[in-house]
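First up is the structure itself, then whatever we jot down about it.
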Amino acid sequence: MLRSVFARCACVTDNVKIPIYSCRLAGSFALPLTRPYIRHAMSHTPLMTIPGQTDPVPVARDITPRADGRIDLIGLPKLRIAELFAEAGLDAKQAKLRAKQVFHWLYHRGVTDFAAMTDIAKTMRPWLAERFVIGRPEVVEAQHSTDGTRKWLLQTADGHEFEMVFIPDADRGTLCVSSQVGCTLNCRFCHTGTMKLVRNLTPGEIVGQVMLARDALGEWPKGAMDFAEEESEAEYRADGRLLTNIVMMGMGEPLYNFDNVRDALRLVMDGEGLALSKRRITLSTSGVVPMMDRCGEEIGVNLAVSLHAVTKEIRDEIVPINKKYGLEELLAACAAYPGASNARRITFEYVMLKDKNDTDDHARELVRLIKQYNLPAKVNLIPFNPWPGAPYECSTPERVRAFSNIVFEAGISAPVRTPRGRDIDAACGQLKTAAQKKSRAERDREAAAAVAATTQEAAG
Ligand code: SAH
Ligand code: SF4
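For the record, in the sequence shown the residue sitting at position 420 is 1477 according to the numbering used here, with numbers rising by one throughout.
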């Protein structure tokens, strides 16, 4: 159990927009959840057994138990819904038919009330509502940046808080989704100091983030009750499709919650469900090597790897999972990643830490390794977001540029993430520690001071 991090960087790269927690310098988000949240959360739910720097364990829970005994259907696949309907008394044929209809309403139409399921008999709808619910994570706080970036502090039914961020851009909109409350790993540049891993998010809590974002953006198809195949493409896209991409880069290590992340993303990718292409989904891992192959085989999304260093010594220090799965093993797993190709490159995330991993030699070694392993790669350079007490500083803008140039001149794309959502980032980084105790004016003063400091740092 360690410090977790969630640096979400609302940043834009050439093909992935990536929230990184705690990226104040870069103008990205600083979202450290802190002790008050954890104490509150832990008082509700016993800790689950979660692996630390060990291999993942299967997590059986697919449903968050509710006090009223009803079952939340969100997060469940069609077959499981049919099973539950049969257990509740429907005969097998009815259960299957109703599950198909309900699945469509839940994931494709986004309805949150059984009463709106107009192709289901009127008498059947209260029967469903007595036994089941259509859940969404509860919104504790929603913030809107002047640049359009939106951030939500969410809460599970049993009281755990976590976050998601939406980053709109001219040609796409990216949702940064959390996979765990906290994180077992303790990458040293990642802020959360006091936050332990509380628990894995369930499939419903993961897919629920995407559904909530669609609710907030008004992006559910508005057609009649017909099934997807009867909809015209134009009707489906009428709302503008603001949410086009998903990155599993919120709180937590998604490959340490593999089953739930896979099940949630299957619902997101299901053509009869949320119907988002796997090419528009990117999963970021700190390097859980034994799960990478399964990620490619069973989920098939784009892969991003938090590389951050090119020598054992430095990576051991800043991404400690490297002591378990070393650089060679990690790069070999990347080379073998199912589906990776020049058209679907692996993204290597590289946080720029002053006097730590940012020299010309490091850049040259990065190029050498990518070539040695023949990796279809692109590199995302992430300006480090400093947080109080952090053991590192961000590299200077000149250093970041020099590093980027070396990689770029070797023929590998190496964009620097563009800051987004600076105003709400700075404010959130401050207010998460004691939000309840501070007045609005105090928060605003702190936010203004943080933005000023950030601007100075970035300029200097
Ligand atoms: N656990 C996963 C995904 C979540 S972290 C992973 O580690 O890949 C998403 C990205 O933010 C990772 O690349 C992570 O290394 C980066 N990150 C974390 N803290 C940061 C900070 N303070 N500044 C910049 N990037 C950070
Ligand atoms: Fe942060 Fe990701 Fe490392 Fe966890 S694995 S500590 S979320 S960078």
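Glycine included, every Cβ here is placed at the ideal spot set by N, Cα and C.
Helix, strand or coil for residue i? Go by DSSP, reduced to three states.
{"i": "residue 1197", "result": "strand"}
{"i": "residue 1207", "result": "strand"}
{"i": "residue 1314", "result": "helix"}
{"i": "residue 1248", "result": "coil"}
{"i": "residue 1375", "result": "helix"}
{"i": "residue 1139", "result": "helix"}
{"i": "residue 1149", "result": "helix"}
{"i": "residue 1353", "result": "helix"}
{"i": "residue 1345", "result": "coil"}
{"i": "residue 1276", "result": "coil"}
{"i": "residue 1182", "result": "helix"}
{"i": "residue 1427", "result": "helix"}
{"i": "residue 1329", "result": "coil"}
{"i": "residue 1457", "result": "helix"}
{"i": "residue 1322", "result": "helix"}
{"i": "residue 1134", "result": "coil"}
{"i": "residue 1397", "result": "coil"}
{"i": "residue 1227", "result": "coil"}
{"i": "residue 1271", "result": "helix"}
{"i": "residue 1516", "result": "Caution is warranted here: a pLDDT of 47 is assigned to residue 1516, below 50, making its placement in the model unreliable, and the coordinate value is therefore given only provisionally. It is helical."}
Identify every residue that forms a DSSP beta bridge with residue i.
{"i": "residue 1451", "result": "1410"}
{"i": "residue 1462", "result": "Its beta-bridge partners do not exist; DSSP assigns none."}
{"i": "residue 1405", "result": "1362, 1436"}
{"i": "residue 1233", "result": "1222, 1304"}
{"i": "residue 1339", "result": "1304, 1359"}
{"i": "residue 1473", "result": "1438"}
{"i": "residue 1129", "result": "1190"}
{"i": "residue 1257", "result": "1237"}
{"i": "residue 1158", "result": "Answer is none; residue 1158 lacks a bridge partner."}
{"i": "residue 1266", "result": "For residue 1266, which the question treats as bridged, DSSP gives no partner whatsoever."}
{"i": "residue 1212", "result": "1195, 1218"}
Given the structure, does residue i come close to ligand 4, in the sense that its CB is under 7 Å from one of the ligand's heavy atoms?
{"i": "residue 1242", "result": "This structure lacks ligand 4; its bound ligands are ligand 1 and ligand 2."}
Using the beta-carbon count (16 or more within 10 Å), is residue i buried or exposed?
{"i": "residue 1149", "result": "exposed"}
{"i": "residue 1237", "result": "buried"}
{"i": "residue 1341", "result": "buried"}
{"i": "residue 1179", "result": "exposed"}
{"i": "residue 1136", "result": "exposed"}
{"i": "residue 1212", "result": "buried"}
{"i": "residue 1462", "result": "exposed"}
{"i": "residue 1207", "result": "buried"}
{"i": "residue 1125", "result": "exposed"}
{"i": "residue 1310", "result": "buried"}
{"i": "residue 1434", "result": "buried"}
{"i": "residue 1275", "result": "exposed"}
{"i": "residue 1073", "result": "In this prediction, residue 1073 has a pLDDT of 35, which is less than 50 and means its spatial position is unreliable; nothing more can be read from the coordinates."}
{"i": "residue 1353", "result": "buried"}
{"i": "residue 1175", "result": "exposed"}
{"i": "residue 1385", "result": "exposed"}
{"i": "residue 1412", "result": "exposed"}
{"i": "residue 1262", "result": "buried"}
{"i": "residue 1194", "result": "buried"}
{"i": "residue 1415", "result": "buried"}
{"i": "residue 1418", "result": "exposed"}
{"i": "residue 1350", "result": "exposed"}
{"i": "residue 1440", "result": "buried"}
{"i": "residue 1320", "result": "buried"}
{"i": "residue 1366", "result": "buried"}
{"i": "residue 1520", "result": "Residue 1520 lies beyond the range of the chain shown here (1058 to 1517); nothing can be said about it."}
If we define contact as Cβ-Cβ less than 8 Å, is residue i a contact residue for chain C?
{"i": "residue 1203", "result": "No chain C appears in this structure, which consists of one protein chain only."}
Is it the case that the stretch 1341-1353 contacts the stretch 1379-1397, given that we only count it when at least three CB pairs across the two stretches are under 8 Å? yes
So, do the stretch 1194-1207 and the stretch 1140-1148 have three or more beta carbon pairs nearer to each other than 8 Å? no
So, do the stretch 1254-1270 and the stretch 1122-1138 have three or more beta carbon pairs nearer to each other than 8 Å? Contact between the stretch 1254-1270 and the stretch 1122-1138 is present, because at least three Cβ pairs lie under 8 Å.
Assess contact between the stretch 1421-1429 and the stretch 1440-1458, defined as three or more Cβ pairs (one per stretch) separated by less than 8 Å. Is contact present? no
Closer than 8 Å is the cut-off here; do at least three beta carbon pairs connect the stretch 1359-1371 with the stretch 1395-1407? yes
Touch check for the stretch 1221-1230 and the stretch 1295-1315: three-plus C-beta pairs under 8 Å? yes
Segment contact, 8 Å Cβ cut-off, at least three pairs: the stretch 1325-1334 with the stretch 1366-1385: no
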